[in-house]
Amino acid sequence: MAILLTGGAGYIGTHTCIELLNAGYEIIVLDNLSNSSVKALNCVSELTQKNIKFYEVDLLDATNLENIFKENTIDAVIHFAGLKAVGKSVETPLHYYHNNITGTLILCEIMQRYNVKRLVFSSSATVYGVPKSVPIFEDSPLNATNPYGRTKLMIEEILRDLYIPNEDWNIAILRYFNPIGAHPSGRLGEDPQGIPNNLMPYITQVGIGKLDKLKIFGNNYPTIDGTGVRDYIHVVDLALGHLKALEKVMSSPGVDTYNLGTGRGYSVLEIVEAFERVSKKKIPYEIVDRRPGDIATCYADATKAKEKLGWIAKRDIEEMCADSWNWQFNNPNGYESSKNIHLIN
Ligand code: NAD
Ligand code: UFG
Numbered sequence: 019m020a021i022l023l024t025g026g027a028g029y030i031g032t033h034t035c036i037e038l039l040n041a042g043y044e045i046i047v048l049d050n051l052s053n054s055s056v057k058a059l060n061c062v063s064e065l066t067q068k069n070i071k072f073y074e075v076d077l078l079d080a081t082n083l084e085n086i087f088k089e090n091t092i093d094a095v096i097h098f099a100g101l102k103a104v105g106k107s108v109e110t111p112l113h114y115y116h117n118n119i120t121g122t123l124i125l126c127e128i129m130q131r132y133n134v135k136r137l138v139f140s141s142s143a144t145v146y147g148v149p150k151s152v153p154i155f156e157d158s159p160l161n162a163t164n165p166y167g168r169t170k171l172m173i174e175e176i177l178r179d180l181y182i183p184n185e186d187w188n189i190a191i192l193r194y195f196n197p198i199g200a201h202p203s204g205r206l207g208e209d210p211q212g213i214p215n216n217l218m219p220y221i222t223q224v225g226i227g228k229l230d231k232l233k234i235f236g237n238n239y240p241t242i243d244g245t246g247v248r249d250y251i252h253v254v255d256l257a258l259g260h261l262k263a264l265e266k267v268m269s270s271p272g273v274d275t276y277n278l279g280t281g282r283g284y285s286v287l288e289i290v291e292a293f294e295r296v297s298k299k300k301i302p303y304e305i306v307d308r309r310p311g312d313i314a315t316c317y318a319d320a321t322k323a324k325e326k327l328g329w330i331a332k333r334d335i336e337e338m339c340a341d342s343w344n345w346q347f348n349n350p351n352g353y354e355s356s357k358n359i360h361l362i363n
């Protein structure tokens, strides 16, 4: 069974590659490497001792994308490829809309042409905007608040529209909450370019001494200690969720949406404490103004994924922090400093 992973060289994509290869799937990765390194795929290949067919192709390049479908018999697609930085999406909205939405349209057109009609799509909890209540259910109101979030919301709608006249399509839309952590080997992890926007890579870079101190964006939210609360999920649990979603799209037609989270929220201060406990590193911090666009609390109700996909997140917050730290400690400069010579293909 061959699975095409768009954006498969990225953070969540590489962790999913590992789980798919370990489960016996054949994988084909497409990535333009705009936010990733081929070294990450080499690590996947080394860790699994399996080959990966890799195409350095942009989703917007319809000709080369179509060639991948001509050259391979593809059973299903997991569509990770996309730009994901909220702030950048506000600065360059057309770039975000074009990359994420046009890229998805081209992909779906070619899938339709080649009769590949099983798709797992990476959506995000960001489509819930400012939640009216928590936990958040799949049918809670949707309201993205920035161009990035709107690309996810629009793609979700495109996929639902695609299904209406094409009931032989099988589509799983996965709304991820906050993925953190890394592969337990310490060889794969999140490798943000420049100063991290997200909490965990910022903390680990303070831990390693690349950054001085964490800036906590506000301590006057209506939460347990005033700092923002999120549903952090270990990236390996998230990767395993894709295997379950894949089984679902292999077996039953339809388009359906699933929250992938743990169902439990942690505040920024709780994350700092958990990280300090497992890493034995002190994380100095200061409280600064709220970050525009941030919400107080966000966590999932993940019952649907449990009941319909048979999936549940198993790794706890300490394991998430320990694996994030293990990755950062062993790769202080991310893939730039990772040593490997194994060639894929
Ligand atoms: P990532 O940036 O590490 O991976 C995305 C990959 O897509 C990158 O390797 C990038 O080079 C590639 N890509 C982007 N545009 C492309 C294009 N036009 N053609 C080919 N390749 C392209 O991000 P990630 O964290 O692994 O996220 C994967 C998906 O999950 C994204 O769609 C993201 O929006 C979504 N998501 C991520 C998070 C998160 O916090 N990490 C949360 C919710 C949803
Ligand atoms: N935070 C800080 N300091 C930092 C970074 C973050 O205090 O330097 C706080 C934020 O205010 C928030 C929490 O840490 O309370 C988490 O922030 P992240 O930036 O790590 O994550 P967000 O919940 O803001 O957003 C992330 C992705 C979105 C995605 C969303 C849900 O960036 O794209 O998770 O999946 F939509």
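For the sequence shown, the positions run 19 to 363 when the working numbering is used.
Idealized CB from N, CA, C, for every residue including glycine.
Just the C-alpha distance for residue i and residue j, rounded to the nearest angstrom, thanks.
i, j, result
"P350", "G199", "15 Å"
"K102", "S269", "30 Å"
"L229", "S342", "16 Å"
"Q67", "R309", "43 Å"
"T91", "L78", "21 Å"
"N164", "L59", "31 Å"
"I213", "P183", "45 Å"
"C126", "R295", "46 Å"
"D76", "I128", "14 Å"
"I335", "H113", "35 Å"
Do residue i and the ligand NAD come close, with the Cβ less than 8 Å from some heavy atom?
i, result
"A331", "no"
"P197", "yes"
"T280", "no"
"I92", "no"
"I30", "yes"
"A323", "no"
"V273", "no"
The ligand UFG and residue i: does any heavy atom of the ligand fall closer than 8 Å to the residue's C-beta?
i, result
"C339", "no"
"M218", "yes"
"R168", "no"
"I86", "no"
"S142", "yes"
"R295", "no"
"Y194", "yes"
"T163", "no"
Please classify residue i as buried or exposed, where buried requires at least 16 neighbouring CB atoms within 10 angstroms.
i, result
"K57", "buried"
"Q346", "buried"
"V148", "exposed"
"Y239", "buried"
"V306", "exposed"
"A325", "Here the sequence assigns Glu to residue 325, which means Ala is not the residue at that position. It counts as exposed."
"I96", "buried"
"I242", "exposed"
"G31", "buried"
"T81", "exposed"
"L361", "Residue confidence is low: L361 scores 42 on pLDDT, short of 50, so the model does not pin down where it sits. Its coordinate-derived value is still stated next. The residue in question, L361, is exposed, as its Cβ has fewer than 16 Cβ neighbours within 10 Å."
"N363", "Note on N363: pLDDT 44, under 50, position unreliable in the model; the coordinate value appears next. So N363 counts as exposed."
For the ligand PLP, is there a heavy atom less than 8 Å away from the beta-carbon of residue i?
i, result
"I191", "For the ligand PLP, the structure offers nothing, since it holds only the ligand NAD and the ligand UFG."
Distance cutoff 9 Å, beta carbons only. Does residue i sit that close to anything in chain D?
i, result
"M19", "Of the protein chains in the structure, only one exists, and it is not chain D."
Please report the Cβ distance between residue i and residue j, rounded to the nearest whole angstrom; I am assuming they are in contact, meaning their Cβ atoms lie under 8 Å.
i, j, result
"F139", "I173", "7 Å"
Is the number of C-beta pairs between the region 268 to 285 and the region 203 to 223 that are closer than 8 Å three or more? no
For the pair the region 23 to 30 and the region 42 to 52, tell me if three or more CB-CB distances fall below 8 Å. Cβ pair count under 8 Å is three or more, so yes.
Are three or more beta carbon pairs between the region 143 to 159 and the region 108 to 125 nearer than 8 Å? no
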